[in-house]
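Engineer: First residue of the sequence shown? That's 1 in UniProt numbering, and the numbers climb one at a time after it.
Sending over a structure as structure tokens; questions will come in a sec.
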Amino acid sequence: MGRPSKSQGLAPPSVRKEVRAKQARHVVKSVIPAILASNPRARKGVEASVLIVDPGRVRRGDGGPDVETGTKREQDEGRTYGKRKGQGKRKIRDGVPETPTSPVTEEKSTTRGNAKAKTTPQHANIPEQDISKPSLASSSNPTTPLPITVRFVATDTLTAAQTLASPPPKSKQNVCILNMASPLRPGGGILSGATSQEEFLCARTTLLASLRDSFYRLPEVGAVFSPDVLVFRDARGLGDALGELGKEERFWVDVVSAGAVRLPDLGDGDAGEKRLGWKDNQMVERKMRAVLRIMVQKGVRRCVLGAWGCGAYGNPVGDVARAWRKVLLAEEKDGSGKGSRKGDGLETWDGLEEVVFAISNGKMAREFAGAWGGGVEVEMGEGKGGDGEEDDDGEDGVAVELKRKIAELEGQVAMVWNPELKIRLGVIADGLREQLREREGRNEIEGVVEEKEEEEEVEEKENAEDDNGLIRSDSDETEQVPHS
1 MGRPSKSQGL APPSVRKEVR AKQARHVVKS VIPAILASNP RARKGVEASV LIVDPGRVRR
61 GDGGPDVETG TKREQDEGRT YGKRKGQGKR KIRDGVPETP TSPVTEEKST TRGNAKAKTT
121 PQHANIPEQD ISKPSLASSS NPTTPLPITV RFVATDTLTA AQTLASPPPK SKQNVCILNM
181 ASPLRPGGGI LSGATSQEEF LCARTTLLAS LRDSFYRLPE VGAVFSPDVL VFRDARGLGD
241 ALGELGKEER FWVDVVSAGA VRLPDLGDGD AGEKRLGWKD NQMVERKMRA VLRIMVQKGV
301 RRCVLGAWGC GAYGNPVGDV ARAWRKVLLA EEKDGSGKGS RKGDGLETWD GLEEVVFAIS
361 NGKMAREFAG AWGGGVEVEM GEGKGGDGEE DDDGEDGVAV ELKRKIAELE GQVAMVWNPE
421 LKIRLGVIAD GLREQLRERE GRNEIEGVVE EKEEEEEVEE KENAEDDNGL IRSDSDETEQ
481 VPHS
């Protein structure tokens with residue numbers, strides 16, 4: 001059977017990479033500056049980005065979902081008013097008008113004298129539903145936190161975030177996404193045509209402008225929090241005009257940018273699979289807790305996470321999935337070999353309601369969900385986008401096509417009765433399998449080489465700054481969150 005149309009061969013990888021680099025440079029140097037110049041909210045979001053180093057543990061009753069901007073002043077206010085019996089601050093935040101006879105300053109002074117006289121008149125005319133709005137952080141006797149809904153979707157990060165944001169929730173809080181960032185430079189290799197998740201995000205949002213050079217290199221434990229990041233493109237390739245979102249279709253996200261453990265030392269597990277060592281596993285969990293602490297401190301209710309560090313960084317998918325489960329659901333091994341149990345000393349994430357793990361590589365998504373356990377299923381998302389060659393989590397688009405063709409040929413071989421035709425189809429399938437093995441091996445090598453070159457480039461820059469006496473101080477731009 002002949003082909004209905006002539007086959008179109010792909011350009012060499014180096015050519016495709018240069019095309020992507022040219023498109024990305026146009027977005028970074030022209031499109032994003034124009035958006036920021038015309039959109040005050042996006043511009044303010046860029047200016048409000050902050051580096052948070054090693055955030056302390058979040059206790060129930062210490063801010064949590066009531067903290068809207070994450071500043072120290074607002075956290076202090078949450079502690080001052082959140083535990084008061086009358087919940088005066090809660091009344092103001094819920095939109096109840098402040099009466100002329102009971103300003104906040106008078107409430108503070110009245111508390112020292114006669115708290116009972118203060119409480120009754122203030123709430124006499126407030127409807128019951130306004131007083132009883134849930135606030136896990138405002139009670140001196142914290143209740144059991146609500147369970148977190150966890151989903152696994154085979155799609156890209158932005159498509160998952162858009163799905164979470166539609167229809168718009170009653171809360172004005174943005175969906176928050178994890179940018180699995182390069183710890184060495186803003187945007188990773190976006191200007192050189194790289195296609196990992198960070199480059200994917202920075203080419204479709206205003207995120208890159210919020211990642212200041214002074215934040216780098218990123219701390220081992222900590223992250224950059226970027227509020228009000230505008231998403232102006234969908235998951236289609238940068239060369240596709242249909243990928244640009246109209247003004248009514250654009251949406252906002254908050255972003256936490258943090259680097260994963262890179263190229264950890266791996267040992268052999270019980271079943272022969274590669275596993276993280278104890279030290280690296282502890283660091284992975286510390287990094288995850290830092291990300292979730294920042295989200296909770298900023299009032300995040302819905303977030304998009306992923307298979308963090310499972311691409312070129314070389315972290316085993318199963319270990320990352322189990323670490324996310326332990327940290328997110330406050331579980332620990334019970335020592336009986338029968339699974340996990342709730343750990344009394346582990347952190348819970350008050351206010352966090354829904355978490356989506358967006359993993360566009362379908363095979364990786366299924367492996368991740370399987371390691372998570374509990375018989376969870378992977379939903380098929382709409383986007384599964386990438387930038388022509390690699391998708392959101394580094395899946396090679398050409399490799400995906402090769403796998404699809406191999407599966408088709410295997411199905412045809414099973415249905416064919418002619419021995420000669422069956423042999424011919426088998427030979428073709430073997431050739432495609434060999435191409436797939438070569439491509440996957442090359443991509444793994446290229447990923448490691450890119451990371452090594454990036455690290456060497458940054459080290460040379462830092463050494464040059466040291467030699468010239470240009471060592472900078474980031475203290476004025478870094479939010480140091482004290483440990484509790």
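Think of the CB as a built atom: it goes at the ideal place given N, C-alpha and C, for glycine as much as any other residue.
For clarity, every value in this text was computed on a predicted model and none was experimentally measured.
Inspect the CB distances between the region 206-215 and the region 284-291 and report whether three or more fall short of 8 Å.
Structural biologist: Cβ pair count under 8 Å is below three, so no.
Engineer: Thinking just about the alpha-carbon of each residue, which of 49, 326, 415 and 355 is nearest to the one in residue 152?
Structural biologist: Residue 355 is the option with its Cα nearest to residue 152.
Engineer: Using 8 Å as the threshold, is the region 47-55 in touch with the region 223-241, meaning 3 or more CB pairs across them?
Structural biologist: Short answer: they touch.
Engineer: Tell me the DSSP secondary structure of residue 147 in three-state form.
Structural biologist: The answer is coil: DSSP assigns residue 147 none of H, G, I, E or B.
Engineer: Residue 302 by DSSP, collapsed to three states: which one?
Structural biologist: Three-state result, residue 302: strand.
Engineer: Please state whether the Cβ-Cβ distance between residue 365 and residue 378 is less than 7 Å.
Structural biologist: Going by C-beta atoms, residue 365 is nearer than 7 Å to residue 378.
Engineer: Cutting at 7 Å between CB atoms, please list the residues of its own chain near residue 265, excluding the five before and the five after it.
Structural biologist: Taken in chain order, the residues that qualify are 277 and 280.
Engineer: For the alpha helix (DSSP H) holding residue 210, just list the boundary residues, first then last.
Structural biologist: That run of the alpha helix (DSSP H) goes 207-210.
Engineer: Per DSSP, which residues does residue 258 bridge with? Please list them.
Structural biologist: Residue 258 is bridged to 180.
Engineer: So the candidates are 163, 195, 346 and 217; which of them puts its Cα closest to the Cα of residue 186?
Structural biologist: It is 217.
Engineer: Three-state secondary structure (DSSP) at residue 349?
Structural biologist: Reduced to three states, the DSSP call for residue 349 is coil.
Engineer: Among all the DSSP beta bridges, which residues are the ones paired with residue 358?
Structural biologist: BP columns for residue 358 point to 153.
Engineer: How many angstroms separate the CA atom of residue 346 from the CA atom of residue 56?
Structural biologist: The straight-line gap from Cα to Cα measures roughly 13 Å.
Engineer: Apply the 10 Å Cβ neighbour rule to residue 195 and answer buried if 16 or more other Cβ atoms are within range, or exposed otherwise.
Structural biologist: Residue 195 is buried by the Cβ-count criterion.
Engineer: Short check: CB of residue 233 to CB of residue 244, under 7 Å?
Structural biologist: Result yes, Cβ atoms of residue 233 and residue 244 sit closer than 7 Å.
Engineer: Quick check: what's the CA-CA separation for residue 188 versus residue 199?
Structural biologist: Approximately 6 Å, taken between the alpha carbons.
Engineer: Quick one: grab the DSSP three-state call for residue 38.
Structural biologist: Note: residue 38 maps to helix in three-state DSSP.
Engineer: Going by DSSP in three states, residue 368 sits in which element: helix, strand or coil?
Structural biologist: Looking at residue 368 - three-state DSSP - the assignment turns out to be helix.
Engineer: According to the Cβ coordinates, are residue 320 and residue 308 closer than 7 Å?
Structural biologist: For residue 320 and residue 308, yes; Cβs fall inside 7 Å.
Engineer: Within 10 angstroms of its Cβ, does residue 257 collect 16 or more other Cβ (buried), or is it exposed?
Structural biologist: Classification of residue 257: buried, given that the 10 Å Cβ count is 16 or more.
Engineer: Under a Cβ-count criterion, where at least 16 other Cβ atoms within 10 Å of its own Cβ denotes burial, should residue 417 be classed as buried or exposed?
Structural biologist: Per the 10 Å Cβ criterion, exposed.
Engineer: So, are the CB atoms of residue 487 and residue 304 less than 7 Å apart?
Structural biologist: Lying before the first or after the last residue shown, residue 487 is absent from the chain, which here runs from 1 to 484.
Engineer: For residue 232, list the residues DSSP reports as bridge partners.
Structural biologist: DSSP lists no partner for residue 232.
Engineer: Would DSSP call residue 241 helix, strand or coil?
Structural biologist: Residue 241: helix per DSSP, three-state reduction.
Engineer: With H, G and I counted as helix, E and B as strand and the rest as coil, what does DSSP make of residue 379?
Structural biologist: Strand.
Engineer: Residue range of the beta strand (DSSP E) that residue 276 falls in?
Structural biologist: First-last of the beta strand (DSSP E) with residue 276: 274-276.
Engineer: In angstroms with no decimal places, state the Cα-to-Cα distance between residue 431 and residue 253.
Structural biologist: Straight-line Cα distance between these residues: approximately 44 Å.
Engineer: Do you know how far the Cα of residue 317 is from the Cα of residue 220?
Structural biologist: Cα-Cα distance, rounded: 21 Å.
Engineer: For the beta strand (DSSP E) that contains residue 51, what are its first and last residues?
Structural biologist: That run of the beta strand (DSSP E) goes 50-53.
Engineer: State the start and end residues of the unbroken alpha helix (DSSP H) segment that holds residue 266.
Structural biologist: No alpha helix (DSSP H) holds residue 266; the beta strand (DSSP E) holding it covers 266-268.
Engineer: Out of curiosity, what's the CA-to-CA distance linking residue 68 and residue 229?
Structural biologist: For residue 68, the predicted model reports a pLDDT of 36, less than 50, meaning its position is unreliable; a value from the coordinates is still stated below. Their backbone Cα atoms lie some 15 Å apart in a straight line.
Engineer: Can you name, in chain order, every residue of its own chain whose Cβ lies under 6 Å from the Cβ of residue 17, other than the five neighbours on each side?
Structural biologist: Closer than 6 Å at the Cβ level, and outside the excluded window around residue 17, lie 193.
Engineer: So for residue 416, helix, strand or coil by DSSP?
Structural biologist: Here residue 416 sits in coil by DSSP.
Engineer: Give me the Cα-Cα distance between residue 239 and residue 23, rounded to the nearest whole angstrom.
Structural biologist: Spanning the two alpha carbons is a distance of roughly 7 Å.
Engineer: Tell me whether residue 114 sits in a helix, a strand or coil according to DSSP, three-state version.
Structural biologist: Low confidence applies to residue 114: its pLDDT is 41, below 50, so where it sits in the model is not reliable, and the reading given next is rough at best. Correct three-state label for residue 114: coil.
Engineer: According to DSSP, is residue 252 helix, strand or coil?
Structural biologist: Residue state, collapsed to three classes: strand.
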